[in-house]
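Colleague: First residue of the sequence shown? That's 1 in the numbering used here, and the numbers climb one at a time after it.
Ideal Cβ placement from N, Cα and C applies to all residues, glycine included.
Nothing here was measured: the structure is a model prediction, and the numbers come from that model.
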Amino acid sequence: MAASQTSQTVASHVPFADLCSTLERIQKSKGRAEKIRHFKEFLDSWRKFHDALHKNQKDVKDSFYPAMRLILPQLERERMAYGIKETMLAKFYIELLNLPREGKDALKLLNYRTPTGTRGDAGDFAMIAYFVLKPRCLQKGSLNIQQVNELLDSIASNNSAKKKDLVKKSLLQLITQSSALEQKWLIRMIVKDLKLGFSEKTILSVFHNDAAELHNVTTDLEKVCRQLHDPSVGLSDISITLFSAFKPMLAAIANIEHIEKDMKQQSFYIETKLDGERMQMHKDGDVYRYFSRNGYNYTDQFGASPNEGSLTPFIHKAFKTDVQTCILDGEMMAYNPNTQTFMQKGNKFDIKRMVEESDLQTCYCVFDVLMVNNKKLGRETLKKRHEILNNTFTPIPGRMEIVQKAQARTKKEVIDALNEAIDKREEGIMVKHPLSIYKPDKRGEGWLKIKPEYVNGLMDELDILIVGGYWGKGSRGGMMSHFLCAVAEKPPSGEKPTVFHTLCRVGSGYTMKELYDLGLKLAKYWKPFHKKAPPSSILCGTEKPEVYIEPCHSVIVQIKAAEIVPSEMYKTCCTLRFPRIEKIRDDKEWHECMTLDQLEQLGGKASGKLASKHLDLDSTDEPKEKKRKTAPKVKKVIGILEHLKAPNLSNVSKVSNIFEDVEFCVMSGTVSHSKLDLENRIAEFGGYIVQNPGPDTYCVIAGSENIRVKNIISSDKHDVVRPEWLLECFKAKTCLPWHPRFMIHMCPSTKQYFAREYDCYGDSYFVNTDLTQLKEVFSGIKNPHAQSPEEMASVIAELECRYSWDRSPLSMFRHHTIYLDLYTVVNDLSTSIKGARLAVTALELRFHGAKVVSCLAEGVSHVIIGEDQSRVADFKAFRRTLKKKFKILQVAWVTDSIDKGELEEESRYLI
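Take a look at the structure:
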C-alpha cells in the first residue's frame, strides 16, 4: 500500500485485487488462528498506511469502513440492497459474454445448483462463474476499493429507484474492469455470503475489543469503524443511544420442567408472546424513528412526525407532557377495530406496508423502555423499567398499548398460561426475570419463550408426501435441500390416490446425515420439472419445483408447523407456517398420506392453529417411554431377519426356559467367557440372539465399550448390561433382576425406575443389603475430602435448592464469585483500618455463601470496591478483555444486603 498525499482516503489507494487476494488466503486457510492472522495483516497494513496518509490530522473521517463493509456485507443489508440474486447475475453474464443460451457454460450458470459431477461446486454460483469467466477476463483488475464501493452504492440506489438500466450499467463497469478472481468475490459481496469460515463477531473482535458490543447498540458498521479506529483506545460507555438502531435482547427457548430453577426459585413475569414485527421506537419531541429487529429503518411507514405515517399521528399525544425523549421496545401489531382483536402475522397482511385504506390499523404493543428524558435505563432491572414504562405514556386501545405482565412463581402457573394462550390462538408466552437487565443481542439472560411447537405432544402433525425437490447451495450444494410436499385427493373406496395437491415447501428439521440418507433413497427417481409439461399427478400453484418424483416412488414425511395459513402459491390455496420435518415415515406407504379432506378438517379445528391440546402438569418435555420392569418381559421375536441371527446356534440343546422368547444382542464377552460362549449359553436357556439390537431386544450385553457399544449408548434406546449379570443368571438358573452394578448404560425408562429404587450409590431404598453389597456401595462413594472447593460448593448449592434452603439469608451470595479490592497502600492508620474492614467483608461474604477469590480473572461475577476507588479505571479496562463481564459495586451493596437479609438491587451500587 504505497502512500500518496494527493488523495484523501486509504480506500482510493488500495487495489480491490489486494482485498480479494487476502479473502482468498483467509478462505483457503485451515485453522481459525491462520485466518485471523491473514485478516490482521491486511488490517494492520491499512492502519499503518492511514497513519502515514493522515499524520498531521487528529480527527479524520477516513476509516477501515470501505473495506469492512465489503468483508461483512451481511451487516450492511439496508445500505447494500442490490436486488440482485444468482439467477439475475447468470442471465447478465450470458448476455454480456454473448454465450449461446443452450451452450455448456450458459447452462452451468443458469443451473448452478444442479450437480455436474466434476468439481463439486454445485450450489456455489461464485465458483462456477469464476471458472466460466477465467478464460474470458482480465488477468488483473484496475479498480480500487473506493471505486468498487461507489459502483455498488450506485447499484443499490438505482435498484431502490427501480432504474434497472442504470443497475446494469454499473454492473457492466464492475465486470469489465475486474479479473475472474475479483468477480468471484464481488459476486459473494453482492449476494452477501463470503464463506470465509469464521464469524462476523470474530472479525469485529480482531478489529477492536469493543467493536462487537458497539455494533450491538448501534447496528452502524461505519460508526464502529470510525469510533474504534485506534485499537489501543477503548470506549468508556457503550450503551443504547437515541436514533441509533440497536440489536434487541432476545429470549431463549425454555424447558418448562426447569422453569422454576431458571428463574432462581423466585417470582417472575409471564407475558403474552405477540405475533407481530419486533420494532423499536426512538422519540425526541416531534421527531420519531422506527427500526426493525435487524436495524432496518421503517420510519417512512410509521411516521417521522405527528403529521405523517400509519402510527405516529395517532399516538403522539399519548406521551406524558414531561416526556421529551424516549426509546421503547415492543411489537408492531395489526389490530382489527371491528372485532377488537390482534391479527396473527401468518394472515395475509404486512404490518410494514399497511395503507390507510386497510380495514386493519397499526398498533404498537410496548413491553420495555430503554431511555426516558436522556436517562439510560438498560442497566436498570426489568421491574424498575416496567414501573417507568407505566409512567411514560397513557395507553390508547388499538393504537399503543403496554404488554401486561402477570406475576407467577410456579411451573403450574406457566402451564396454565400456555394452555390459555393455546385456547386464545396466541403464539405462546414469555417468561422474564424481574431483576434481568437489558442486554442487546443477547439471547436468554433472564428472558425465555415458550411456544406450543417447542413442547412435545401439543401440536397436530401432518403426514404429507414429497413430490418435488430443490437443489441446495452452500454446505448443502450437490444435494436436495428443500422439498415440495403435497396431500392427496381422496380416491374412490379401496383405490390408491392418483392426484396430489401441493401444500408447502420445507427445508429444515433434519440433520445433514438425515438429509444425505433421504437424498440417496430418492436420488434415482428425480426427474426434471418442465413448467410447460408438468406431470398430471402433481397439481401445483405458482410454486414449482426444480425436479419432481412420481408419488409411487416417494416417501411420507411427518411435518410439524405452527399453523395453516392462506396462500396462492400452492394448489391447496393454503400452506404451513414454520414447517419442519420431524421424521421420515418409513412405516407408512406413499398412498397413506394426508388427504385434502383431512387437511380441511384440521384447518377448521382451531382456526388454522395446529396447537389445540393442553399440557398437563405431570407432562414433561421429554417424550414418554413405556415403563420397563426389571424382571424380563416375554417378547416374541417378530420379523427378525435370518442374517441378523447368530449363525451357529441351531444345534444347541436347550437346558432351561428362563430366557424363553427373550431377545439379546451380545456385543462382546469377557476374558473368561467369549461372545460365542455367552451366545451359546443364552440359547441353552431359551433365549434368542440378534447381531444388531432392534425394538424387541431386551438388552445389549457388552464386556467392553467398543465403537459399536458407544454408538448404541449414544442412541439412548437400549439398556447395556455387563456379562456378569448373565453369568449370575446362569449360575442361579433364574432370571435375576438388574442391579446398578450390572449396568453400563440405562435407557430413560430404566433410569427412571432405578431412580425410584436406588440412591446414587446403588444402595436400594427397600431391599435389605448384605456385607458384600454394602462393600460395593461404599467402594463407589467418592471420598468427600478429595473433592475440590468448587465441587463441594456445587454439592452444597444442590442440597440448598433441593430442600429450599437457598431462600435462607445465609446463602444469598451462593451463586456469586466475588473479588474484593483489598490492595491499598497503607500509609497511615486509617487506610490500614479500611483494608481490615474489607477483609472482614470478605469473611461475611463467605459466611453468606459467596465464593471469594484472590485473583481477578474470567468467571468473576462482581468486584467490590471500598472507599479507595483509585483502581476502578484499571478494573474497567481489564473487564473489556473478558467474554463475561463482571459488575463493579460499592461495598455498601454487601453490607446493606446482609442487613436486610436479601440481595439489594445492584443498579443502585454500580460504579
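Taking all protein chains shown into account, decide if Q404 is buried (16 or more other Cβ within 10 angstroms of its Cβ) or exposed.
Modeller: Residue numbering aside, residue 404 sits at position 404 when the sequence shown is read from its first letter. So Q404 counts as exposed.
Colleague: The beta strand (DSSP E) spanning C540 covers which residue range?
Modeller: Within the sequence shown, numbered from 1, the residue matching residue 540 stands at position 540. Segment: none, C540 is in no beta strand (DSSP E) and carries neither H nor E.
Colleague: Restricting to Cα atoms, I'd like to know which of L186, G428, A129, V863 is closest to F148.
Modeller: Reading the sequence shown from its first residue, position 148 is the one you call residue 148. The displayed chain sequence assigns Val, not Phe, to residue 148. Of the candidates L186, G428, A129, V863, the one whose C-alpha sits nearest the C-alpha of V148 is L186.
Colleague: Just to check my reading of the structure: D329 and Q361 have Cβ atoms closer than 8 angstroms, yes? What is that Cβ distance to the nearest angstrom?
Modeller: Here residue 329 is taken as the residue at index 329 of the sequence shown, counted from 1. Here residue 361 is taken as the residue at index 361 of the sequence shown, counted from 1. Rounded, the Cβ-Cβ distance is 21 angstroms, inconsistent with contact.
Colleague: Apart from the five residues just before and just after A646, which ones in its own chain have a Cβ nearer than 6 angstroms to its Cβ?
Modeller: Within the sequence shown, numbered from 1, the residue matching residue 646 stands at position 646. Bear in mind that a pLDDT of 46 at A646, under 50, signals an unreliable position, so the model cannot answer this.
Colleague: Whole angstroms is fine: what's the gap from T542's alpha carbon to R113's?
Modeller: For the purposes of this step, residue 542 is taken as the residue at position 542 of the sequence shown. For the purposes of this step, residue 113 is taken as the residue at position 113 of the sequence shown. The straight-line gap from Cα to Cα measures roughly 21 angstroms.
Colleague: Straight-line CA distance for K624 to M371?
Modeller: Your numbering for residue 624 matches position 624 in the sequence shown. Your numbering for residue 371 matches position 371 in the sequence shown. The predicted model places K624 with a pLDDT of 39, which falls under 50 and marks its position as unreliable; any figure quoted below should be read in that light. Computed Cα separation, rounded: 47 angstroms.
Colleague: Considering Cα atoms alone, identify which of G703, T841, Q139, T750 is closest to S672.
Modeller: The residue you call residue 672 lines up with position 672 of the sequence shown. Among G703, T841, Q139, T750, the Cα nearest to that of S672 is on G703.
Colleague: Quick one, which of L465, D463, M480, I464 has its alpha-carbon nearest W471's?
Modeller: In the sequence shown, counting from the first residue as 1, residue 471 sits at position 471. Per the Cα distances, M480.
Colleague: With a threshold of 7 angstroms on Cβ separation, who are the neighbours of E906 within its own chain once the five nearest residues in sequence on each side are excluded?
Modeller: The count along the sequence shown starts at 1 and reaches residue 906 at position 906. So the list reads K887, L889, W893, once near-sequence residues are dropped.
Colleague: Could you check what DSSP says for N209 in three-state terms: helix, strand or coil?
Modeller: Working through the sequence shown from its first residue, we reach residue 209 at position 209. If DSSP states are grouped into helix, strand and coil, N209 belongs with coil.
Colleague: With 16 other CB atoms within 10 Å as the buried threshold, where does H433 fall?
Modeller: Reading the sequence shown from its first residue, position 433 is the one you call residue 433. Classification for H433: buried.
Colleague: Tell me where the beta strand (DSSP E) around V709 begins and ends.
Modeller: Taking the sequence shown and counting its residues from 1, one reaches residue 709 at position 709. No beta strand (DSSP E) holds V709; the alpha helix (DSSP H) holding it covers 707 to 715.
Colleague: What did DSSP end up calling I658 once you bin it into helix, strand or coil?
Modeller: The residue labelled residue 658 in the question sits at position 658 within the sequence shown. Three-state result, I658: coil.
Colleague: Return the bridge partner residues of K449 from the DSSP annotation.
Modeller: Along the sequence shown, one-based indexing puts residue 449 at 449. I253, M430.
Colleague: Determine the DSSP secondary structure at T312, reduced to helix, strand or coil.
Modeller: Locating residue 312 in the sequence shown gives position 312, counting from the first residue. Helix, per DSSP.
Colleague: Between which two residues does the alpha helix (DSSP H) holding Y516 run?
Modeller: The count along the sequence shown starts at 1 and reaches residue 516 at position 516. Run containing Y516: 512 to 522, per the alpha helix (DSSP H) assignment.
Colleague: Enumerate in chain order the residues of its own chain whose CB-to-CB distance from V721 is below 8 angstroms, with the five nearest sequence positions on each side excluded.
Modeller: Locating residue 721 in the sequence shown gives position 721, counting from the first residue. Excluding residues within five positions, the ones whose Cβ falls inside 8 angstroms are C699, V700, I701, A702, W738, F742, M743, I744.
Colleague: Give the DSSP-derived three-state secondary structure of E222 in the structure shown.
Modeller: The residue labelled residue 222 in the question sits at position 222 within the sequence shown. Helix at E222.
Colleague: Spatial neighbours of H614 within its chain, please: C-beta separation below 7 angstroms, excluding the five flanking residues on both sides.
Modeller: The residue you call residue 614 lines up with position 614 of the sequence shown. Taken in chain order, the residues that qualify are N419, I422.
Colleague: Does the Cβ of S179 have 16 or more other Cβ atoms within 10 Å, making it buried, or fewer, making it exposed?
Modeller: In the sequence shown, counting from the first residue as 1, residue 179 sits at position 179. Looking at its Cβ environment, which holds 16 or more other Cβ atoms inside 10 Å, S179 is buried.
Colleague: Spell out a yes or no on whether the segment 519 to 528 and the segment 540 to 557 are touching, meaning 3 or more CB-CB pairs, one atom from each, closer than 8 angstroms.
Modeller: With the cut-off at 8 angstroms, the segment 519 to 528 and the segment 540 to 557 touch.
Colleague: State the beta-bridge partners of D463 as determined by DSSP.
Modeller: In the sequence shown, the residue the question calls residue 463 occupies position 463. The partner list for D463 (beta bridge, DSSP) reads Q558.
Colleague: Count the other C-beta atoms from every protein chain shown that fall within 10 angstroms of the C-beta of I922, then say buried if there are 16 or more, exposed otherwise.
Modeller: As shown, the chain starts at 1 and ends at 911. That puts residue 922 outside it, with no answer to give.
Colleague: Given F243, which residues of its chain have a CB within under 6 angstroms of its CB, disregarding the five upstream and five downstream residues?
Modeller: Taking the sequence shown and counting its residues from 1, one reaches residue 243 at position 243. H282, R289, listed in sequence order.
Colleague: Given this structure, state the Cα-to-Cα distance separating K48 from N390, to the nearest angstrom.
Modeller: Taking the sequence shown and counting its residues from 1, one reaches residue 48 at position 48. Taking the sequence shown and counting its residues from 1, one reaches residue 390 at position 390. Roughly 52 angstroms separates the two Cα atoms.
Colleague: Is the CB-CB distance between T572 and L599 below 8 angstroms?
Modeller: Residue mapping note: residue 572 aligns to position 572 of the sequence shown, counting from 1. Residue mapping note: residue 599 aligns to position 599 of the sequence shown, counting from 1. Cβ atoms of T572 and L599: closer than 8 angstroms.
Colleague: With DSSP run on the structure shown, which of helix, strand or coil describes P135?
Modeller: Here residue 135 refers to the residue found at position 135 when the sequence shown is read from its first residue. If DSSP states are grouped into helix, strand and coil, P135 belongs with the helices.
Colleague: Would you kindly work out how many angstroms separate the C-alpha atoms of Q953 and L484, rounded to a whole number?
Modeller: Given a span of 1 to 911 for the chain in the structure shown, any question on residue 953 remains unanswerable.
Colleague: Taking the alpha-carbon of V547 as reference, which of M812, H530, K411, L539 has the nearest alpha-carbon?
Modeller: Translated into the one-based positions of the sequence shown, residue 547 becomes position 547. For V547, the nearest C-alpha among the options comes from H530.
Colleague: With three or more beta-carbon pairs closer than 8 angstroms as the criterion, would you say the segment 140 to 156 touches the segment 10 to 19?
Modeller: Yes, they touch.
Colleague: Are the Cβ atoms of I415 and I256 separated by less than 8 angstroms?
Modeller: Position 415 of the sequence shown, counting from 1, holds the residue named residue 415. Position 256 of the sequence shown, counting from 1, holds the residue named residue 256. Yes, the pair counts as a contact, with Cβ atoms nearer than the cut-off.
Colleague: How is A873 classed by DSSP in three states: helix, strand or coil?
Modeller: Within the sequence shown, the letter at position 873 stands for residue 873. Of the three classes helix, strand and coil, the one that applies to A873 here is helix, per DSSP.
Colleague: Given a threshold of 16 other Cβ atoms within 10 Å of its Cβ, counted over all protein chains shown, does S714 qualify as buried or as exposed?
Modeller: As a position in the sequence shown, residue 714 is number 714, starting the count at 1. Burial call: exposed.
Colleague: Whole angstroms is fine: what's the gap from W447's alpha carbon to H386's?
Modeller: Locating residue 447 in the sequence shown gives position 447, where the first residue counts as 1. Locating residue 386 in the sequence shown gives position 386, where the first residue counts as 1. Those two C-alpha atoms are separated by around 14 angstroms.
Colleague: Do the CB positions of M430 and K273 come within less than 8 angstroms of each other?
Modeller: Reading the sequence shown from its first residue, position 430 is the one you call residue 430. Reading the sequence shown from its first residue, position 273 is the one you call residue 273. In contact: M430 and K273 (Cβ atoms closer than 8 angstroms).
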